[in-house]
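The structure appears below as structure tokens.
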Amino acid sequence: MSDAALEIRGLHVRFVSPGGAIEAVRGVDLDVRRGEVLGIIGESGSGKTVTGLAVLRLLPEHARVEAQAIRLLGEELTHRSDDEMRALRGLRMGMIFQNPVGAYNPAKRVAWHLRRIIERRDAARRDAAAAEPWRGRAKALLGAVGIPQPDRVLALYPHQLSGGMLQRILIAMVVALEPDLVVADEPTTNLDNIVERQILQLFQQLRRRLSAAFVFITHDMGVAHAVCDRIAVMYAGQVVEVAPAGALFAAPRHPYTEALLAATRARAGERLREIPGELPSAVAPPPGCLFEPRCVHAAPGCRAARPPIVALAGDPGGERSVRCVRHGA
Ligand SMILES: Nc1ncnc2c1ncn2[C@@H]1O[C@H](COP(=O)(O)OP(=O)(O)OP(=O)(O)O)[C@@H](O)[C@H]1O
Ligand SMILES: [Mg+2]
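Going by my numbering, the sequence shown opens with residue 18, and the numbers climb by one from there.
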């Protein structure tokens, strides 16, 4: 039995269209413990967002999702109906996306959004009767995310607020929700540097206040290093390496992780620079290692079969795994 709060086993996602099926996620296994931030990094199109959305059951209809298991605190989610998943999302899963506007009802004021979450949370709790009225708590939550004049902000509509402010208020809503799982997907990508730093500080605060499992998806290696405890590197729909953040940055083991870090270090703090070559075709990928066509260490054996992800040989902590024939146990 795993001690993970979130367990993902054998997750596959295909998108079916008249032109054929593309395989966006190819057998992802991940564990996230309570209180832990698991980062997911990898270049554009590697399947990071699709993995997060599959766990939340937020993919569009034409997505075909298969998984052996997706468990939250030991509870199997794959058998849940869409209605049950909607209820679970509203109560146990917090989401922070790149564009916070989508999290708001444009016709409703900030007060309505916070009140709804506070009341929903109270209804799910036994000690609800003892709770303070929602307005005072909403103001305290806004204060905690650094919003001055909370009374004024409560009366505003989403379109009257900047992206940074909306992201702050969204973080306040996640605090109010007290979920078991938080998925943050590029939460700072659209923001300028100063606001980005503030939002990252708030995320750190969020993580101290909640005992949730956190999944943090990002392009930015600096952000990943600062925020995440462990990191999963995705390439072409597969996890190719998992390691504690410090170990991953100090000594990457998968050739893709090495290339990714080398590309980033060339221009620290910016979005990823391209690694020569392209992601393999999602329709008809090569039979062997998916990174082999771009790998500086490629050998003929790499083309024979897809390498499995295995514990890293000689890793004293037993915390690292890698999908490469050069490094297996
Ligand atoms: N709704 C969709 N319909 C069809 N294909 C999709 C859909 N969403 C994603 N894909 C495809 O799935 C693959 C993985 O996409 P995903 O959005 O997960 O990448 P990502 O790693 O999050 O990239 P980025 O860093 O650009 O956000 C891509 O090939 C993408 O084109
Ligand atoms: Mg994405």
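A virtual CB, placed ideally from N, CA and C, is assigned to each residue, including glycine.
task: Leaving out five residues on either side along the sequence, give the residues of the same chain with a beta carbon under 6 Å from the beta carbon of Cys312.
output: Against the sequence shown, residue 312 aligns to sequence position 295. Contacts found: Pro272.
field: Rounded straight-line distance, which links the Cα of Ala315 to that of Leu105
entry: Counted from its first residue, the sequence shown places residue 105 at position 88. Counted from its first residue, the sequence shown places residue 315 at position 298. Each residue's Cα considered, the two are about 45 Å apart.
query: Are Ile248 and Leu223 close, meaning C-beta to C-beta below 7 Å?
result: If you number the sequence shown from 1, residue 248 lands on position 231. If you number the sequence shown from 1, residue 223 lands on position 206. No, they are not a contact pair.
task: Can you list the residues near ligand 2, meaning Cβ strictly closer than 7 Å to any non-hydrogen atom, in the order they appear in the chain?
output: Spelled out in chain order, the answer is Lys65, Thr66, Asp202, Glu203 and Ile234.
query: Three-state secondary structure (DSSP) at His29?
result: Against the sequence shown, residue 29 aligns to sequence position 12. Correct three-state label for His29: strand.
query: Val127 lies in the alpha helix (DSSP H); which residues open and close that run?
result: In the sequence shown, the residue the question calls residue 127 occupies position 110. Counting along the chain, the unbroken alpha helix (DSSP H) around Val127 starts and ends at Val127 to Ala140.
field: Sequence-distant residues of the same chain with beta carbon closer than 7 Å to Leu73, five excluded per side
entry: Taking the sequence shown and counting its residues from 1, the one referred to as residue 73 is at position 56. Same-chain partners within the cutoff: Arg106, Met110, Met112 and Val200.
- prompt: What are the uninterrupted segments assigned as beta strand (DSSP E) that are 3 or more residues long and contained completely in the stretch 189-229, given in chain order?
  reply: DSSP runs (the beta strand (DSSP E)) wholly in the stretch 189-229: 198-202.
query: Taking the continuous alpha helix (DSSP H) assigned at Val45, which residues delimit it?
result: Walking along the sequence shown from the start, residue 45 turns up at place 28. In the DSSP assignment, Val45 falls outside any alpha helix (DSSP H) and within the unbroken beta strand (DSSP E) covering Gly37 to Val49.
field: Length of the line joining the Cα atoms of Gly294 and Pro310
entry: Indexing the sequence shown from 1 puts residue 294 at position 277. Indexing the sequence shown from 1 puts residue 310 at position 293. About 8 Å.
query: Does DSSP put Glu83 in a helix, in a strand, or in coil?
result: Start at 1 with the first residue of the sequence shown, and residue 83 comes out as number 66. Correct three-state label for Glu83: strand.
message: Based on DSSP bridge pairs, tell me the residues matched to Met251.
response: Position 234 of the sequence shown, counted from the first residue, corresponds to residue 251. Residue pairing by DSSP puts Met251 in a beta bridge opposite Val256.
Backbone secondary structure at Glu309 - three-state DSSP: Against the sequence shown, residue 309 aligns to sequence position 292. Residue state, collapsed to three classes: helix.
message: Please state whether the Cβ-Cβ distance between Tyr252 and Gly62 is less than 7 Å.
response: Stepping through the sequence shown from its first residue, residue 252 is reached at position 235. Stepping through the sequence shown from its first residue, residue 62 is reached at position 45. No; because the gap between Cβ atoms is not below 7 Å, this pair is not in contact.
- prompt: So, is Arg337 buried or exposed, given that buried needs 16 or more other C-beta atoms within 10 angstroms?
  reply: By 1-based counting over the sequence shown, the position of residue 337 is 320. That one is buried.
- prompt: So, is Met18 buried or exposed, given that buried needs 16 or more other C-beta atoms within 10 angstroms?
  reply: Looking up residue 18 in the sequence shown gives position 1. With a pLDDT of 44 at Met18, under the threshold of 50, the modelled position of that residue is not reliable, and the figure given next carries that caveat. Counting the other CB atoms within 10 Å of its CB gives Met18 a total below 16, which places it among the exposed residues.
- request: Say whether the stretch 154-172 touches the stretch 93-104, bearing in mind that this needs 3 or more beta-carbon pairs closer than 8 Å, one atom from each stretch.
  value: Per the Cβ contact rule, the stretch 154-172 is not in contact with the stretch 93-104 (fewer than 3 Cβ pairs under 8 Å).
query: Nearest CA to the CA of Gly69: which residue from Gly335, Ile87, Glu78 and His79?
result: As a working note, residue 69 is residue 52 in the sequence shown. Here the closest residue by C-alpha is Ile87.
query: Is Pro117 helix, strand or coil by DSSP?
result: Taking the first residue of the sequence shown as position 1, residue 117 is located at position 100. Correct three-state label for Pro117: helix.
task: To the nearest angstrom, report how far apart Val33 and Arg81 are at their CA atoms.
output: Within the sequence shown, numbered from 1, the residue matching residue 33 stands at position 16. Within the sequence shown, numbered from 1, the residue matching residue 81 stands at position 64. Those two C-alpha atoms are separated by around 7 Å.
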